[in-house]
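J.: For the protein sequence lines, the chains are A and B, in the order given.
Note that the working numbering numbers the first sequence so that position 159 is 159, with each residue one more than the last.
Here the working numbering runs 1000 ahead of the position in the second sequence, where the first position is 1.
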Amino acid sequence: MFIDVSSLKKSYISGAVVNEVLKEIGMELDEGEIGVILGPSGSGKSTLMNIIGGIDRGDSGRVIVDGVEINNLNNDQLTDYRREQIGFVFQFYNLVPNLTVGENIEVVSNISKSPLNVDEVLAAVQMQDKKHRFPRELSGGEQQRVSIARAIVKNPKLLLCDEPTGALDYQTSRSILKLLQQVNKKYGTTILMITHNAAIAAMANRIFKLRNGEIVEAALNQATVPAERIEW
Amino acid sequence: MPLNKRVLRILKENMLRYVGILMLIILGSYTFVVAAGISQNLAGLVTTFTEGHMQEDLSFSTDKAIADSVELEKASNSIIEEYMSFDAALSDSLTLRLLSKTEKLNIPAVIAGRELSGPGEILLDPAFARANGYPVGSSILAAGKTFRVVGYVSLPHYIYPLKNVYDIMVSPNNFGVGVINREEFTGMDNVSVIYSVRFNDRTRSLNQQAAQFRERLHGEGITESGWIDIMNNKRARMAWASITGLKTMSVPVPAAMFLLSCLIIGIVIWRMIRSEAVIIGTLYAQGYRRRELMRHYMAIPLLLAITGGVMGSVLALPSIRPSVMAMVSYYNVPVVDIKLSFSNVLIGILTPVLFLGLSSYLVIRSELKRSPAELMKGGKQKTGVNALERALKLERFKFSTKFKLREQLRSVSRLLFLFLGVSSASVFMLFGFTIMNSMDYVFKNSTGGTYRFEYEYAFKELQYGKAPEGAEVFSAGRFYPENDEGIEFYVTGVEPDSMILTLQSSAGSPLPNDQTNITKPLADRLGIKAGDSVTFINKQDGKPYTFHIDAVADSYAGQFIFMPIAEFNAQLKLPENSYTGLWSTKKLDIPDGRLSGTKSLSETTKAMDELLGPMVSMVAVMTLISCVVGLIIIYLVTSLIIEENKNTISLFKIFGYRRREIQSLVLNSSTFVIVAGFIVGIPVMAASMGAMYGYLGAMINLVLPTIISPLYVAVCFAAILLTYQLSKLLCAKKVNAVSMSEALKAGME
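#1: Going along the segment 38 to 64 of chain A in order, which residues come within less than 9 Å of chain B, judged by CB to CB distance?
#2: Does chain B have any CB closer than 8 Å to the CB of Thr165/A?
#3: What ranges does the alpha helix (DSSP H) occupy inside the segment 1236 to 1317 of chain B, keeping only unbroken runs of at least 4 residues that lie completely in it?
#4: Hey, how far is the Cα of Ile64/A from the Cα of Val101/A?
#5: Do Gly213/A and Gly53/A have their beta-carbon atoms positioned less than 8 Å apart in this structure?
#6: Which chain B residues sit within Cβ distance under 9 Å of Asp80/A?
#7: If you follow the alpha helix (DSSP H) that Ala1732/B is part of, which residue opens it and which one closes it?
#8: Compile a chain-ordered list of the residues in the segment 1717 to 1734 of chain B whose CB is closer than 7 Å to at least one CB of chain A.
#9: Are the CB atoms of Ile1682/B and Ile1720/B within a distance shorter than 8 Å?
#10: What is the rounded straight-line gap between the Cα of Gln1725/B and the Cα of Ile1632/B?
#11: Please state if the CB of Met1169/B and the CB of Phe1431/B are separated by a distance shorter than 8 Å.
#12: In the DSSP assignment, find the unbroken beta strand (DSSP E) run with Val1442/B in it and report its ends.
#13: With 9 Å as the C-beta to C-beta threshold (strictly closer), list the residues of the segment 1624 to 1653 of chain B near chain C in chain order.
#14: Use the C-beta contact count for Ile13/A: other C-beta atoms within 10 angstroms, 16 or more gives buried, fewer gives exposed.
#15: Would you mind working out which of Asn98/A, Glu228/A, Asp30/A, Leu48/A sits nearest Thr172/A, comparing C-alpha positions?
#16: Against Arg1410/B, what residues of chain A qualify as contacts under a CB-to-CB distance less than 7 Å, listed in chain order?
#17: With C-beta atoms as the reference, is Thr1223/B less than 8 Å away from Lys1163/B?
#18: The alpha helix (DSSP H) that contains Leu1526/B, what's its start and end?
#19: Could you confirm whether any beta carbon from chain A is found closer than 8 Å to the beta carbon of Ala1737/B?
#20: In terms of residue numbering, what span does the beta strand (DSSP E) encompassing Val1335/B cover?
#21: Are the CB atoms of Gly1048/B and Glu1081/B nearer to each other than 8 Å?
#22: Is the segment 196 to 206 of chain A touching the segment 139 to 155 of chain A in the sense that three or more CB pairs, one from each, lie closer than 8 Å?
#23: Using only alpha-carbon positions, find the residue among Ile1243/B, Pro1575/B, Met1563/B, Ser1664/B that is nearest to Asn1517/B.
#24: Alpha carbon to alpha carbon, what distance is there between Ala202/A and Val225/A?
#25: Mind checking which residues open and close the alpha helix (DSSP H) that includes Asn75/A?
#26: Starting from Ala1557/B and walking both ways along the beta strand (DSSP E), at which residues does that stretch end?
#27: At the level of alpha carbons, what is the spacing between Met1618/B and Met1429/B?
#28: Under the three-state reduction of DSSP, which class applies to Lys1145/B: helix, strand or coil?
#29: In chain A, which residues lie with their C-beta within 7 Å of the C-beta of Val1389/B?
#30: Should the segment 1036 to 1044 of chain B be regarded as contacting the segment 1646 to 1665 of chain B, the criterion being three or more beta carbon pairs within less than 8 Å?
#31: Would you mind working out which of Ile230/A, Gly58/A, Gly42/A sits nearest Ile176/A, comparing C-alpha positions?
#32: Under the three-state reduction of DSSP, which class applies to Asn72/A: helix, strand or coil?
#33: Which residues of the segment 90 to 114 of chain A have a Cβ closer than 9 Å to any Cβ of chain B? Give them in chain order.
#34: By the three-class DSSP mapping on this structure, what secondary structure does Gly1493/B have?
#35: When you compare only the Cα positions, how much space is there between Thr1671/B and Ser1426/B?
#36: Who pairs with Gly1477/B in a beta bridge, going by DSSP?
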C-alpha cells in the first residue's frame, strides 16, 4: 500500500473542551491511484489530509506513506518529506500575488532535487502562453491550473488536493478534474482529493466517506469515469 | 465611540512596531528641543555677556602711546581703553597670560569668588584653574610674584581662551588667562600695552568705522600692530560657530525623523485600512459616517504623535542645562540664567502632530473615499502588481533574486522609507567620523607634513640678519581680498631653500619654495588656480599688492600664500634681510618683550589629542544613535514585509522550505536597499559636509577638508550591517512563528 492509515486519532483541546476530530481512522490507497475523501464540513477531511501531507500530526495511530511512518518523523524530517514527496493543490489556489505564473512554479522547483522543466509543466496545464502574467490577471480556473503546475513540478509521489474545484464553476471544474486525471496518468502521481461533491467520486479508484471523524464507508471503484463525463 | 476601544488593542497587537515609530518621533522632538534650547541659551548668554560687559570691536598695539585718547574717542565716536598683558611662563609648557583689570571695555565678570580688592590678588580663567589645580583661595606664582586666587573670571574678549588668535583649539593644560590690578605690572619687564576700541554707533558697519579709526591713528603719526577686529577674533567668534551649528542642526535632524515617521505611519495606516476594507464597508453600510471613521483611524497617528512629541520634549528639558553647562566649559561665559523655552516645547509637540496628522489624513481620506460596495468586496488592490514590478524583466535571475527584488519593489513607499532611513542613519554616522578625521588630518598629518619646525616666534618689530642655528626666518603680513574683509589670511615670505616648509603638489611631488605657492583651502575659497595673478589688500597699510601664483600646494595647514622672502620684502618695501618671525626646530632664548606671539607645534598636537578624546565619545554616541535609528527602520520594514508575506511564508513552509531558506528569502530581501542606501549616503554626507565646512570657513576663518577615510567608511558599513543582522535576528522569530495553517485558512486570489 502506498498510503496506509490505521487507528489514527486526533483531538484539539480548546480550554476545557476536547474536540475529537479523527476517531480511529483507517484507510489505504495504492500507488498511482486516485482517492477521494467525501464528507460534510467539520467531518475531519482537512485534518486527515494535513496529517497525511505532514502539515499536522496525529495523536496516535499509524500513518505510512510510501513505506515511511509519518508520525515518527521529527520536524526537519517532515519538512524534507513535504519537500520531496508531496504536492499540494488548494481550494483558493494560494498563488503568490506578486510573482508571475512562471515564478510561482519556480517557488517549488527552486527547492526540488529533480524538478520537471517549468515550461513542460506549464504546457501540460496549457498555460505556457501565460508564463509572464501575474495571478491577478488570470481567471479562477487558470489560477488553479497554475496551482496544479506548481504542485507537480517537483514530480511528487503524492498530490493532495483540498477542494480543488470548490471555488470554480461547472465547466472550469470539469477541466481541472480532467487535468488532474491526466497528471495521474502521465506522471503516475497518486492523488488524494477532498471534496464535498459526491459526483467527483466517479473518477476515483477509492472513495472514503467521512462523518464526525470516522470513515463510515470505504469503497473500491472498479469502473472509474473520465472527468469530462462527470456531471452534477 | 465603541469602535475606539480598538485603538489601544491595535497598538498592543503590534507593540514593537508602534514603539519603533514612537521612538523616531521622540528622537525628533528631543533633538529639536535640545538643539534649539542649547543654541538659544548659549546665544543669549554670549550676547548678554558681550553686550553687558562691553566686548571690544577691535584691539591693537602701537609704536607709541595715544597721546589724547579722549579726543580720539570723541572724533571716532568710540570708547578706547588701554590694558596691559604679560605672558608669564609657569613651566615649559604652561603659560598664564596676566591681563590688567579694565573698567570700560572687556569688563571682567566674576563667576566665582569675589572681585579684586587688594594687592597680590588674581582672578583666573576657570578652565585653566581647574586643569592646573588652582581653586579659589589657593596661591599661584607668576612673573616672580605670588598671587592669591580670589575668584574665577569670564572675559568678553577671551570667551574661547586661545593663546594666539590664529590657534584653533583651547588647551587649558597649556594656557590660561588671569586678571590682576594694573599696579601689579610694576616691575614686570616687557609688558605689552594693548588698546581696545568699541564704537558707540552699533548700526554702522564696524569695518568702515575701523578703517576710519585707523586713518585717524595714522594721521596722528601712530603705527599700529597686532590689529584684530572682533569678526576675525576666534577668541570671541568661536562660540558663534557652535551656536550656528546647533541652530542649523535643530532643523534637518528632527525633520528627517518626522519625515521618516510620516512615511512609516502612512504605510502602516494605509495597510491597516486596506486590510479592514470589508469592516469599513460594513460599518458604512450600517450608517457610520466618513468623519466618524476618519476620527477613529486618525486616533492612532495622533496618539503616537502627541505621546512622542510630549515624551521627546519633556525628556529634552532636563538635558538642556547640563548640555549648556558642558558647552560653557569650552566657552568661558558667565551662566546667568538658563531658560527653558515653552514655545520650543510646543513646536516639539505640534510639529510631529502636524507632520503625522497631515500625512495620515491624506492616506485615510484617499481610502475612505471608496464606496461601501467597493470596500465590502475587500481590498481592491490588495493583490495588485505595480507598474514597476510589471516592467521588470527578471527571467535571467535566480529565483531567490527575483523574489527579493519583487519583494522590495512591491511597495515603493516602503522601499523609500528603508532607503531614506538607511541613508540618513549612514549620513549621520559618517558625519561624526568625518569631522574627527578632517580635524585629525589638518592638525596632525597636514600640519606635521607641511612644517618641520617645533617653535614659531613672531616679533613685534622687524628683525635683521641671519637666523640662529636650527632656525629659518620668515616675514608675514595679513591680507584680504578687495571687498571681502571677512576672508583674512597670511602672505608669508620664506627662505627659498627652506628645509622647514615642505609643500607638495596635489600629485604628491615637492613644491620648491623659490616660487609663490598658495595652500589648497585658500585657493579653493578664493577660486584661485596656478598661473593666476591676484591682488589683495594688506591689512597693515591698506594698499593693494599683486601676486602671481605659481602652484597650489596640497596642504590644509592653514590659509597661506608662501613666496620667497626677498620678493616679499621687496614688494612690501620692507628692508632687505629683514624678517618678522622665526621657525625653529628647538626652543630659542628670545626675551618675551620682543615677541608678539609664540607657537609650539607639539602643543597644538597635544591640544588636538585633548579635543579628540571627547570627540571620540561624541562620534560613539552619534554612531549609537544612528544604529538605533537604523535598527528601528530596518525592523519596521522587515516586520511589515513579514506581515505582508504571512501567507507566502506559510506556503513556503507547506512546500517544504527550511527555516533558513525562508529567512534568507524574506529577511535578506532588504540587503541591496541597505547597501544602496549606505553608498548613496557617502556623497550626500560629503556634499553636506562641504557646505558645512564652507559655512564654518566664513564664520571663523577656518577651512577644513572633507576627508573620508576608507577605514571609517568600512567601520560605518560594518555598523550598519551589524544593525541589519540584529534586526534580522529580531524578525527571525516572527518568521518562525508564522504557522502553516495561515495558508490553509486563506482565501486569497
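Idealized CB from N, CA, C, for every residue including glycine.
Bear in mind the structure is a predicted one, so any value in this text is a computation, not a measurement.
T.: Considering the structure as presented:
#1: Ser46, Asn50, Gly53, Gly54, Ile55, Asp56
#2: Counting from 1 along the first sequence, the entry for residue 165/A is found at position 165. Cβ-Cβ to chain B under 8 Å: no for Thr165/A.
#3: 1252 to 1275, 1277 to 1285
#4: Locating residue 64/A in the first sequence gives position 64, where the first residue counts as 1. Locating residue 101/A in the first sequence gives position 101, where the first residue counts as 1. Roughly 34 Å separates the two Cα atoms.
#5: The count along the first sequence starts at 1 and reaches residue 53/A at position 53. The count along the first sequence starts at 1 and reaches residue 213/A at position 213. It is not a contact, given that the beta carbons lie outside the stated cut-off.
#6: Numbered from its first residue, the first sequence carries residue 80/A at position 80. Chain B residues near Asp80/A: Gly1656, Arg1658.
#7: Counting from one through the second sequence, the residue named residue 1732/B turns up at place 732. First-last of the alpha helix (DSSP H) with Ala1732/B: 1710 to 1737.
#8: none
#9: Here residue 1720/B refers to the residue found at position 720 when the second sequence is read from its first residue. Here residue 1682/B refers to the residue found at position 682 when the second sequence is read from its first residue. No, these two residues do not count as a Cβ contact at 8 Å.
#10: As a working note, residue 1725/B is residue 725 in the second sequence. As a working note, residue 1632/B is residue 632 in the second sequence. Near 12 Å, if we compare the C-alpha coordinates of Ile1632/B and Gln1725/B.
#11: The count along the second sequence starts at 1 and reaches residue 1431/B at position 431. The count along the second sequence starts at 1 and reaches residue 1169/B at position 169. No, they are not a contact pair.
#12: Residue mapping note: residue 1442/B aligns to position 442 of the second sequence, counting from 1. Careful: Val1442/B lies outside any beta strand (DSSP E) and carries neither H nor E.
#13: Note that chain C does not occur in the displayed structure, where the protein chains are A and B.
#14: Numbered from its first residue, the first sequence carries residue 13/A at position 13. Looking at its Cβ environment, which holds fewer than 16 other Cβ atoms inside 10 Å, Ile13/A is exposed.
#15: Working through the first sequence from its first residue, we reach residue 172/A at position 172. Among Asn98/A, Glu228/A, Asp30/A, Leu48/A, the Cα nearest to that of Thr172/A is on Glu228/A.
#16: Residue numbering aside, residue 1410/B sits at position 410 when the second sequence is read from its first letter. Ordered by position in chain A, the residues that pass the 7 Å Cβ test against Arg1410/B are Asn98.
#17: Counting from 1 along the second sequence, the entry for residue 1223/B is found at position 223. Counting from 1 along the second sequence, the entry for residue 1163/B is found at position 163. In this structure, Lys1163/B does not lie closer than 8 Å to Thr1223/B by Cβ.
#18: Working through the second sequence from its first residue, we reach residue 1526/B at position 526. Here the alpha helix (DSSP H) through Leu1526/B covers 1520 to 1526.
#19: The sequence position of residue 1737/B within the second sequence is 737, counting from 1. Taking Cβ atoms only, chain A never reaches closer than 8 Å to Ala1737/B, which makes this a no.
#20: On the second sequence, position 335 is the one that residue 1335/B refers to. From DSSP, Val1335/B is part of no beta strand (DSSP E); its letter is neither H nor E.
#21: Position 48 of the second sequence, counted from the start, is the residue given in the question as residue 1048/B. Position 81 of the second sequence, counted from the start, is the residue given in the question as residue 1081/B. The question names Gly, but residue 1048/B in the sequence shown is Thr. Not in contact: Thr1048/B and Glu1081/B (Cβ atoms no closer than 8 Å).
#22: no
#23: As a first step, residue 1517/B must be located in the second sequence, where it is residue number 517. The candidate whose alpha carbon is nearest that of Asn1517/B is Met1563/B.
#24: Stepping through the first sequence from its first residue, residue 225/A is reached at position 225. Stepping through the first sequence from its first residue, residue 202/A is reached at position 202. Going by the C-alpha atoms only, they are around 6 Å apart.
#25: Counting from one through the first sequence, the residue named residue 75/A turns up at place 75. Segment 75 to 85, the alpha helix (DSSP H) holding Asn75/A.
#26: Within the second sequence, numbered from 1, the residue matching residue 1557/B stands at position 557. Element bounds for Ala1557/B: n/a, residue is neither H nor E.
#27: In the second sequence, the residue the question calls residue 1618/B occupies position 618. In the second sequence, the residue the question calls residue 1429/B occupies position 429. Going from the Cα of Met1618/B to the Cα of Met1429/B covers about 11 Å.
#28: The sequence position of residue 1145/B within the second sequence is 145, counting from 1. The answer is strand: DSSP assigns Lys1145/B an E or B state.
#29: The count along the second sequence starts at 1 and reaches residue 1389/B at position 389. The residue asked about is misnamed: residue 1389/B is Glu in this sequence, not Val. Correct list: Asn98.
#30: no
#31: Indexing the first sequence from 1 puts residue 176/A at position 176. The option with the nearest alpha carbon to Ile176/A is Ile230/A.
#32: Counted from its first residue, the first sequence places residue 72/A at position 72. Residue state, collapsed to three classes: helix.
#33: Phe90, Gln91, Phe92, Tyr93, Asn94, Leu95, Val96, Pro97, Asn98, Leu99, Thr100, Gly102, Glu103, Glu106, Val107, Val108, Ser109, Asn110, Ile111, Ser112
#34: As a first step, residue 1493/B is located in the second sequence; it is residue number 493 there, counting from the start. Note: Gly1493/B maps to strand in three-state DSSP.
#35: Position 671 of the second sequence, counted from the start, is the residue given in the question as residue 1671/B. Position 426 of the second sequence, counted from the start, is the residue given in the question as residue 1426/B. Taking the straight line joining both Cα atoms gives about 15 Å.
#36: Here residue 1477/B refers to the residue found at position 477 when the second sequence is read from its first residue. Partner(s): Val1491/B.
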